[in-house]
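Protein chains: 2
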Amino acid sequence: MTGALLSAALWGAVSSAAVAGPAQYSQAGSATTAQISAPLFASELNRARAFVDRMMKAGVVVPFPKDPGGGYTHEQHKQNFKVIYQGGQLYKLTGEQKYADYVRDVLLAYAKLYPKLGDHPARKNSQSSGRLFWQVLNDAMWLVDSIQGYEAIRSSLSAADRKNIDDNLFRKAAEFLSTGSAVTFSKIHNHATWATAGVGMTGYVLGDPELVNIALLGLDKSGQTGFLRQSELLFSPDGYYTEGPYYQRFALKPFVVFAGAIEKNDPSRKIFDHRDGILLKALRTTIQLTYAGRFFPFNDAIRDKSLKTDELYHGVAVAYSKTRDPGLLSIAEWQGRTVLTDDGMRVARDLAAGKAKAYPFRSLLLSDGPEGKQGAVAIMRKGDGWTGQALVAKNSSQGMGHGHFDKLSWQYYDNGHEIVSDYGAARFLNIEAKQGGRYLPENESWAKQSIAHNSLVVDEKSHFNGDRKAADKLAPQQLYFSDEMGSQISTAKMTGAYPGVEFTRTLALLDIEGLDRPVAADVMRVDGGNDHQYDLPLHYNGHIMRVGFELESNVADRPVLGEGNGYQHIWVDATGQPSSADKAFVTWITDDRFYTTRWVPQAGSQTILAESGANDPDFNLRREQILVQRVASGGDTVFAGILEGHGRYDGAAERTTASDSQIRTIRHVRHGDADLLLIQTLAGAKSVLAISYDQDRSRTHSVIIGGEKISWKGFAAHVRLGGGVQ
Amino acid sequence: MTGALLSAALWGAVSSAAVAGPAQYSQAGSATTAQISAPLFASELNRARAFVDRMMKAGVVVPFPKDPGGGYTHEQHKQNFKVIYQGGQLYKLTGEQKYADYVRDVLLAYAKLYPKLGDHPARKNSQSSGRLFWQVLNDAMWLVDSIQGYEAIRSSLSAADRKNIDDNLFRKAAEFLSTGSAVTFSKIHNHATWATAGVGMTGYVLGDPELVNIALLGLDKSGQTGFLRQSELLFSPDGYYTEGPYYQRFALKPFVVFAGAIEKNDPSRKIFDHRDGILLKALRTTIQLTYAGRFFPFNDAIRDKSLKTDELYHGVAVAYSKTRDPGLLSIAEWQGRTVLTDDGMRVARDLAAGKAKAYPFRSLLLSDGPEGKQGAVAIMRKGDGWTGQALVAKNSSQGMGHGHFDKLSWQYYDNGHEIVSDYGAARFLNIEAKQGGRYLPENESWAKQSIAHNSLVVDEKSHFNGDRKAADKLAPQQLYFSDEMGSQISTAKMTGAYPGVEFTRTLALLDIEGLDRPVAADVMRVDGGNDHQYDLPLHYNGHIMRVGFELESNVADRPVLGEGNGYQHIWVDATGQPSSADKAFVTWITDDRFYTTRWVPQAGSQTILAESGANDPDFNLRREQILVQRVASGGDTVFAGILEGHGRYDGAAERTTASDSQIRTIRHVRHGDADLLLIQTLAGAKSVLAISYDQDRSRTHSVIIGGEKISWKGFAAHVRLGGGVQ
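These protein sequence lines map, in sequence, to chains U and S.
Taking full-length UniProt numbering, the leading residue of the first sequence gets 1, the next gets one more, and so forth.
Taking full-length UniProt numbering, the leading residue of the second sequence gets 1, the next gets one more, and so forth.
As structure tokens, then:
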């Protein structure tokens with residue numbers, strides 16, 4: 001009952017202001033109590049009013065379904081479920097009858113249309129056809145929003161209208177999305193989450209426990225499918241969604257919204273405590289999977305997705321309501337948005353009261369898989385989540401159909417930018433000219449391929465030879481993770497991506513004496529058995545300033561790197577054979593900071609400077625820089641290198657500092673089973689990243705190099721040296 | 001005397017606060033009167049204190065000159081003149097003796113060093129050698145700042161110290177920069193402005209009218225050279241500086257600062273009224289030559305230069321003080337900076353008092369040349385100067401040694417971005433790895449060449465065959481300019497850039513019925529006499545969405561477009577031969593907006609889709625997109641086209657609107673001497689850009705096309721049609 005009391009108090013200010021009419025919200029300068037106490041909420045009210053009023057002017061438009069995604073009827077039905085939702089909330093908040101009337105009229109039009117509908121004429125196949133939309137997923141999204149709008153006005157309706165809309169629209173829609181679309185409804189997949197959320201919420205509104213039960217427990221009510229099972233299988237124990245952050249964001253909304261409805265209607269279920277509070281954990285994890293507000297672009301990600309998205313407005317509001325974590329308020333502040341619910345009002349009010357604190361972005365290991373045993377994502381950070389450093393090791397599993405062949409790849413962020421990058425999806429969402437906004441052919445031929453990632457490529461083939469079914473079966477193994485500040489280290493191993501080749505990668509974020517910023521270190525050990533060509537690409541974002549070694553350049557005729565598996569999309573600018581680590585480096589500039597990548601060249605290895613965009617007659621690809629280390633090996637090799645951010649270019653003040661690398665050299669030493677990466681700065685500071693690969697945390701390892709003894713305990717460590725080692 | 005009284009009142013708050021010590025400014029949370037009334041000024045004080053305190057900690061460091069630009073002694077002497085200036089201002093503002101003492105000690109060290117100096121060891125040639133720096137220009141900049149710092153502490157010194165610094169440092173430095181560097185001092189060039197400003201201000205401080213006189217009137221005091229003459233010859237009557245905005249910004253500081261000193265010491269000169277107030281006009285023009293705060297990158301411009309630069313902090317403060325134009329306050333607000341002078345305090349105080357108004361960015365024609373007869377820059381705007389449209393026609397003269405061969409080229413800005421771009425300079429300022437930060441060889445081989453600009457290239461040669469001396473002699477002729485909103489039109493003609501070829505370009509910003517934004521139209525008439533190949537490049541910034549015609553693509557082997565004059569730097573992606581204007585278009589996306597360029601293909605013409613970056617083994621060039629229209633002509637031709645911004649891509653809301661062109665087609669008609677460009681939208685609206693080239697404003701012209709009569713008065717007009725024309 002506390003909830004209800006609080007709610008009344010919260011709405012008090014808004015309602016009393018609202019009685020005087022809409023002008024108070026839409027006219028500038030007329031500050032109401034609500035605006036003063038919660039401007040974010042007031043601006044949402046204004047936004048909703050503007051949208052609903054515009055829709056009301058156009059009248060009730062419920063066309064017979066005809067077009068695929070992006071077409072007229074598709075867009076109109078999308079607008080309609082938004083207006084049903086927002087109109088309902090406005091009625092609830094303001095008591096203005098016109099909103100209830102309009103939502104009622106739209107729903108009556110749907111009640112008349114819905115019984116006449118069969119498979120959608122633009123469906124791709126019957127199994128996934130919607131009624132209102134070409135895909136059943138869109139019908140489920142329609143229901144999730146519409147049932148909430150209906151709930152807000154239902155008690156205001158005449159008995160006849162209520163029965164008409166209950167029976168001819170929502171009961172039929174829930175029927176279609178459950179028993180009528182049994183295959184989708186029974187999946188363990190985000191499409192099914194949308195469907196179960198819509199059906200379950202409809203059950204609560206219509207007072208139909210059967211609908212609630214099948215939504216929660218599956219059509220057979222066994223609990224093997226349905227919403228609860230989805231929340232157990234789709235997220236790892238750490239709240240990571242296997243498809244990656246882009247889809248995690250999308251999947252989150254029905255989880256959070258339906259959970260809110262369960263909590264309200266059936267608080268004894270303690271849904272937010274289910275599986276150790278997995279839903280709120282997943283929300284927090286979603287936020288942790290961002291840098292400067294944007295999601296790490298794992299797998300088929302559209303790269304411009306940020307926390308500024310409807311799903312996260314809902315998620316943050318619900319999570320704040322449950323946790324009162326002031327860090328969430330700073331996220332809402334950055335979003336500049338909230339939702340028109342009690343939870344949204346609370347966010348807005350507490351934000352206005354100055355309760356926000358910086359969100360605690362931090363280093364963490366996120367296990368993948370329902371039991372947390374299918375690899376992991378390791379995030380190593382220093383500084384804040386907007387301008388600090390973030391090293392991301394993607395050691396997670398394939399992630400189903402939207403997964404990429406990118407085992408043990410990594411990304412690096414600094415100074416507000418993506419420095420070592422991931423291509424994401426080859427897709428221009430909703431842009432008609434680019435194949436109607438669908439995934440482009442280059443998503444298969446480039447974006448998913450291993451060479452398009454910061455991963456290892458053996459013999460110019462992608463992991464699992466590009467076979468997704470095979471990839472689904474084998475995940476990397478996270479061997480070690482330490483978030484100790486100054487010596488953050490992650491090690492993972494991949495077996496089975498290539499026959500007979502196993503690779504183990506250690507990525508570390510290390511504080512180096514005398515340097516302003518930490519250095520990212522990378523030690524990739526490859527055990528191959530027999531002859532192979534190994535390529536280690538680095539996809540980076542910047543303009544080359546200096547190359548430390550001689551190049552043979554293709555200055556007047558630019559060839560392509562290879563024939564297939566993504567290699568056909570790579571232009572070769574130049575090749576070189578650096579002979580030592582003091583020369584094996586490339587420095588580039590990104591925004592106002594310099595970056596130097598430096599590596600230990602193996603005997604006979606080659607370096608390729610390249611760019612994406614070959615074999616792309618339709619200009620579907622972005623053109624981005626790539627550096628490839630290539631080694632023809634008798635079987636085993638180690639790639640060892642570091643990435644260093646340094647200096648500053650200040651164009652306004654015409655001042656440049658430390659534009660060249662601050663590292664003198666690096667060195668790799670193999671000692672027994674251990675790998676050691678020695679780093680020496682220009683100023684003379686020396687340290688070593690030492691990896692024993694020994695899981696015994698208490699065992700001490702020692703190596704003598706150049707007369708100096710290097711000792712460390714356990715799997716791996718970052719050791720400062722006195723001098724004399726190199 | 002009002003000035004003095006006001007000044008006292010202004011400083012009152014600061015001084016009383018300052019008595020309590022520096023902590024009041026450097027500690028967060030202790031708001032002083034100054035901080036409350038003028039936070040911008042308080043933050044400048046904090047910044048200066050932090051810098052000067054840091055320098056004071058390091059002690060007095062005045063090394064014997066040795067290094068070229070970017071080297072240690074170079075940077076140290078730069079830091080020193082900044083600390084002399086800022087230390088002096090701090091003493092004046094706070095009365096704290098430590099600042100006067102430190103500035104004195106630094107100056108005494110210079111007084112000891114200076115008499116020993118000869119030509120700089122890293123000089124490029126004796127004529128332009130400095131004493132403290134490798135270039136005399138840097139010595140002049142040293143003097144301009146240092147003499148102001150000295151002025152602030154001079155009266156606090158002992159007679160002996162004063163005499164020592166007067167005689168051994170400033171008198172000698174002024175002597176060196178005037179009679180000792182007579183060639184530079186007597187130029188009509190910004191280097192001479194720095195020298196005369198330094199020498200003249202030294203004259204005022206030392207009470208030496210001779211120095212003031214030679215600064216104002218030249219070494220021979222004839223007025224043929226010197227500061228006054230520079231202000232007459234270097235700026236056009238509209239305040240345009242012939243080298244372009246990047247150098248205009250740089251040239252402005254000594255003009256403004258020395259003028260301030262003249263006004264203070266010799267108000268009867270009315271220096272700010274000189275030549276119809278040219279100095280303030282030049283300042284306002286400098287601001288008008290920006291979009292989203294950045295300078296139009298004409299000629300050898302470093303593209304990241306914005307209004308956030310020391311020269312403009314001074315300029316805005318002085319101009320505001322003289323004019324009280326509230327628009328200047330909004331510029332200061334965007335800069336987030338001001339200067340530590342009375343003028344800066346006034347800016348900060350009035351800004352804090354809420355007096356700022358949006359700067360009135362507007363359409364205007366800026367004549368070039370001392371008498372305004374050497375061409376012009378035409379700026380056509382709609383909306384504000386940060387997100388609106390700006391079409392810039394560069395019809396100005398060559399602009400001396402930093403000029404580019406870019407006659408009648410254009411640029412286009414929209415939505416906060418450069419859409420049709422100019423490369424600027426091939427230079428990475430102060431970045432050691434890029435040839436020590438100097439102009440790169442590619443500045444000559446690419447950036448200056450005609451093909452690197454949105455201009456006409458005849459027979460693959462640059463204008464004036466790349467001969468700067470020849471280019472200096474001939475400027476374009478501005479034939480027409482109209483800033484009528486909705487029908488803004490500029491026409492200019494270039495004769496002599498190529499033997500026997502004359503070209504006349506009309507650029508227009510036109511409101512089209514039913515379109516959200518204006519369309520940029522381009523009609524380039526070429527009169528050639530005999531056989532030529534004409535190339536019309538369009539340098540644009542975006543990712544291609546749709547090409548309206550068939551392409552032959554170089555997908556696996558990328559050739560270079562040509563042999564020299566910049567052509568060697570162009571990769572050819574694809575070629576095509578569109579046959580009609582409804583298909584001759586390319587659509588791209590920049591940020592969240594779409595752009596379509598569309599043209600009327602001449603018989604036998606070809607289109608080349610290309611990218612810069614070929615023959616660039618050192619990665620000195622940015623890689624940018626180019627579209628070239630190529631026609632082999634018997635002599636005369638007309639290039640006619642439009643550029644249209646349309647629609648929106650909203651990644652967050654997953655909503656895309658109008659991603660395809662809203663224009664159905666365009667058509668070019670030649671009728672007698674007149675050119676007509678007909679534009680028809682998808683929705684059916686029709687209009688025509690009609691150009692008679694007739695200077696008689698009162699004469700009416702009529703053309704009948706498709707049965708419809710098109711009439712307009714004078715040189716050019718934009719006429720809406722009833723229908724039936726196309």
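Note that the Cβ used here is the ideal one computed from N, Cα and C, for glycine as well.
{"Check": "Bridge-paired residues (DSSP) for residue 659 of chain U", "Outcome": "None, per the DSSP bridge assignment."}
{"Check": "Pairwise C-alpha distance: residue 494 of chain S and residue 279 of chain S", "Outcome": "30 angstroms"}
{"Check": "Cα-Cα separation between residue 739 of chain U and residue 103 of chain U, rounded to whole angstroms", "Outcome": "Because chain U spans 1 through 726 in this model, residue 739 of chain U falls outside it and cannot be assessed."}
{"Check": "Interface residues of the segment 107-138 of chain S facing chain U [CB-CB below 9 angstroms]", "Outcome": "none"}
{"Check": "Residue 248 of chain U classed as buried or exposed, judged by whether at least 16 other C-beta atoms fall within 10 angstroms", "Outcome": "buried"}
{"Check": "Rounded straight-line distance, which links the Cα of residue 509 of chain U to that of residue 219 of chain U", "Outcome": "49 angstroms"}
{"Check": "Entirely enclosed alpha helix (DSSP H) segments - the segment 46-126 of chain U, minimum 4 residues", "Outcome": "72-94 and 97-113"}
{"Check": "Bridge-paired residues (DSSP) for residue 685 of chain S", "Outcome": "Its beta-bridge partners do not exist; DSSP assigns none."}
{"Check": "Distance between beta carbons of residue 402 of chain U and residue 300 of chain U, contact taken as under 8 angstroms", "Outcome": "4 angstroms"}
{"Check": "Under 7 angstroms (Cβ pairs) to chain C, residues found in the segment 658-689 of chain S", "Outcome": "Absent from the structure is chain C; the protein chains it does hold are U and S."}
{"Check": "Closer than 7 angstroms to chain S by CB, residue 583 of chain U", "Outcome": "no"}
{"Check": "Rounded separation between residue 258 of chain U and residue 201 of chain U - CA only", "Outcome": "7 angstroms"}
{"Check": "Residue from S:196, S:473, S:498 and S:523 whose Cα sits closest to the Cα of residue 741 of chain S", "Outcome": "Since the first residue of chain S shown is 1 and the last is 726, residue 741 of chain S is not available in this structure."}
{"Check": "Chain S residues whose Cβ lies nearer than 8 angstroms to that of residue 557 of chain U", "Outcome": "557, 558, 559 and 560"}
{"Check": "Any C-beta of chain U under 7 angstroms from that of residue 31 of chain S", "Outcome": "Any answer about residue 31 of chain S is weak, because its pLDDT of 34 lies below 50 and its placement is not dependable; what the coordinates show is given next. Not an interface residue."}
{"Check": "Residue 543 of chain U: contacting residues in chain S (beta-carbon distance under 8 angstroms)", "Outcome": "619 and 622"}
{"Check": "Residue 182 of chain U versus residue 593 of chain S: straight-line alpha-carbon distance, rounded", "Outcome": "41 angstroms"}
{"Check": "At least 3 beta-carbon pairs within less than 8 angstroms: the segment 309-320 of chain S vs the segment 236-251 of chain S", "Outcome": "yes"}
{"Check": "For residue 179 of chain U: DSSP bridge partner residues", "Outcome": "For residue 179 of chain U, which the question treats as bridged, DSSP gives no partner whatsoever."}
{"Check": "Residues within the segment 383-408 of chain U neighbouring chain S, beta-carbon criterion of under 8 angstroms", "Outcome": "none"}
{"Check": "Neighbour list for residue 304 of chain S in chain U, Cβ cutoff strictly below 8 angstroms", "Outcome": "651 and 652"}
{"Check": "Collapsed DSSP secondary structure at residue 196 of chain U in the structure displayed", "Outcome": "helix"}
{"Check": "Cβ neighbour criterion (16 or more within 10 Å) applied to residue 576 of chain S", "Outcome": "buried"}
{"Check": "For residue 339 of chain S, the three-state DSSP class (helix, strand or coil)", "Outcome": "coil"}
{"Check": "Contact the segment 414-423 of chain S vs the segment 261-269 of chain S: 3+ CB pairs below 8 angstroms", "Outcome": "no"}
{"Check": "Amino acids of chain S, ordered along the chain, whose beta-carbon sits closer than 9 angstroms to that of residue 253 of chain U", "Outcome": "Per Cβ cutoff of 9 angstroms: no residues; residue 253 of chain U is ~13 angstroms from chain S at best."}
{"Check": "Span separating the alpha-carbon of residue 445 of chain S from that of residue 566 of chain S", "Outcome": "6 angstroms"}
{"Check": "Buried versus exposed, by CB contacts within 10 Å (16 or more), residue 441 of chain S", "Outcome": "exposed"}
{"Check": "As assigned by DSSP and simplified to three states, the class of residue 610 of chain U", "Outcome": "strand"}
{"Check": "Residue 233 of chain S at chain U interface by Cβ criterion, 7 angstroms", "Outcome": "no"}
{"Check": "Selected residue, minimal CA-CA separation from residue 636 of chain U, among U:125, U:681 and U:504", "Outcome": "U:504"}
{"Check": "Environment of residue 673 of chain S [buried if 16+ CB atoms lie within 10 Å]", "Outcome": "exposed"}
{"Check": "Assigned secondary structure, residue 692 of chain S (DSSP; H/G/I helix, E/B strand, else coil)", "Outcome": "coil"}
{"Check": "Within 7 angstroms, strictly: CB atoms of residue 370 of chain S and residue 233 of chain S", "Outcome": "yes"}
{"Check": "For residue 643 of chain U and residue 483 of chain U, believed in contact at Cβ under 8 angstroms, the rounded distance", "Outcome": "About 19 angstroms separates the two Cβ atoms, so there is no contact after all."}
{"Check": "Any non-hydrogen atom of the ligand ATP within 6 angstroms of residue 409 of chain S CB", "Outcome": "The ligand content of the structure shown is nil, which means the ligand ATP is not present either."}
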